[in-house]
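**Q**
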Amino acid sequence: MATKQAHRRLTKEYKLIQDNSPPFITAHPSESNILEWHYVIDGPPDTPYNNGQYHGVLLFPSEYPFKPPSIKMCTPNGRFQTNTKLCLSMSDFHPDLWNPGWSVSTILMGLLSFMTGSDSTTGSISTSDAVKVNLAKASKFYNACQNSAFQVQFPALAKQTIDQIHEDRLRESSEVRKLDHPTDIAEGIINIGEIEDPEDKVRYQIWKENESERADENNKSPASILSKLQYVLFFIFLGAVFKYYTH
Numbered sequence: 020m021a022t023k024q025a026h027r028r029l030t031k032e033y034k035l036i037q038d039n040s041p042p043f044i045t046a047h048p049s050e051s052n053i054l055e056w057h058y059v060i061d062g063p064p065d066t067p068y069n070n071g072q073y074h075g076v077l078l079f080p081s082e083y084p085f086k087p088p089s090i091k092m093c094t095p096n097g098r099f100q101t102n103t104k105l106c107l108s109m110s111d112f113h114p115d116l117w118n119p120g121w122s123v124s125t126i127l128m129g130l131l132s133f134m135t136g137s138d139s140t141t142g143s144i145s146t147s148d149a150v151k152v153n154l155a156k157a158s159k160f161y162n163a164c165q166n167s168a169f170q171v172q173f174p175a176l177a178k179q180t181i182d183q184i185h186e187d188r189l190r191e192s193s194e195v196r197k198l199d200h201p202t203d204i205a206e207g208i209i210n211i212g213e214i215e216d217p218e219d220k221v222r223y224q225i226w227k228e229n230e231s232e233r234a235d236e237n238n239k240s241p242a243s244i245l246s247k248l249q250y251v252l253f254f255i256f257l258g259a260v261f262k263y264y265t266h
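Sequential numbering of the sequence shown, starting at 20, is according to the working numbering.
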């Protein structure tokens, strides 16, 4: 439970961070516990974390601001182990280095600076930039769909991601060449070799088989038989005429 001093200090810091949030950082205390803060770091441009979304937790001691908080990151990121206390100069690993004048903003800006660097510490991991980039791409989906704490603490951001996913899927569906007019393929407008989507290829094969069946049925229809008979009689007639004039 927070002391009056800790409660007063963290309440003040929340108002300050609402009015002037540091770049790439969003943070607020849990509604049920002012000592538990949740933050989101938006991956800065020109880094492997660009467009990533990283959720984490700050747990403040009841003696704050005279003792530092623990720092964790929950979203897979390629820089830190998830849900693991991080050893940083402003974390509870180094109370001897802690400065009571530091704030939530100071802590999170320091975390972001360390994240985009290359120094190692307890709780950090070493991965390639390619891994970090891939994790950045997957981070919003992870938070919105697999990170229950994020969904509770940042429902608006979670909804924004879900809505964007739906929009992207709809756009991709409209852009993918569907075989709505398979006759285009038969006429050479679309080359079957250009179809990359396996489902589209299956649709084409089914259409092709159906077209063959329809062609067979048409060839067996009375109209088709009559038409062929007319051609036969016509050629017999031409043959007779030719034979008459050549003798």
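Beta carbons: idealized from backbone N, C-alpha and C, even for Gly. The structure displayed is predicted, hence computed values, not measured ones.
1. Give me, in chain order, the residues of the same chain whose beta-carbon lies closer than 6 Å to that of G207; leave out the 5 immediate sequence neighbours on both sides.
2. Identify which residue in T103, N69, N52, E50 has its Cα closest to the Cα of G75.
3. Put H147 into one of helix, strand or coil per three-state DSSP.
4. When burial is assigned at 16 or more other CB atoms within 10 Å of the CB, is N162 buried or exposed?
5. From A149 to S51, what distance separates their C-alpha atoms?
6. Anyone know if the C-beta pair for S139 and S145 falls short of 8 Å?
7. In this structure, how does DSSP classify Y33 when only helix, strand and coil are distinguished?
8. Return the CA-CA distance between E158 and N70, expressed in angstroms with no decimal places.
9. Given Q172, which residues of its chain have a CB within under 6 Å of its CB, disregarding the five upstream and five downstream residues?
10. How should S110 be labelled, buried or exposed, when 16 other C-beta atoms within 10 angstroms of its C-beta is the threshold for buried?
11. Would you please state the rounded distance, in angstroms, between the beta carbons of M20 and S81? I believe it to be under 8 Å.
12. Could you check if Q37 is buried or exposed, using at least 16 other CB atoms within 10 Å of its CB as the buried criterion?
**A** On the basis of the data shown:
1. In this predicted model, G207 has a pLDDT of only 48, less than 50, meaning its place in the structure is not dependable enough to derive any value.
2. Closest by C-alpha distance to G75, out of T103, N69, N52, E50, is T103.
3. Reading off the sequence, residue 147 comes out as Ser, not His. When secondary structure is reduced to three states using DSSP, S147 falls in the coil class, being assigned neither helix nor strand.
4. Buried: at least 16 other Cβ atoms inside 10 Å.
5. Cα to Cα, the separation comes out at about 39 Å.
6. Going by C-beta atoms, S139 is nearer than 8 Å to S145.
7. Y33 falls in the helix class under three-state DSSP.
8. Checking the sequence, you will find Ser at residue 158 rather than Glu. So the two alpha carbons sit approximately 9 Å from each other.
9. For Q172, where only same-chain residues beyond five positions count, the Cβ hits under 6 Å are H57.
10. Within 10 angstroms of the beta-carbon of S110 lie 16 or more other beta-carbons, which makes it buried.
11. About 6 Å; that satisfies the 8 Å criterion.
12. By the Cβ-count criterion, Q37 is exposed, with fewer than 16 other Cβ atoms from all chains shown falling within 10 Å of its own Cβ.
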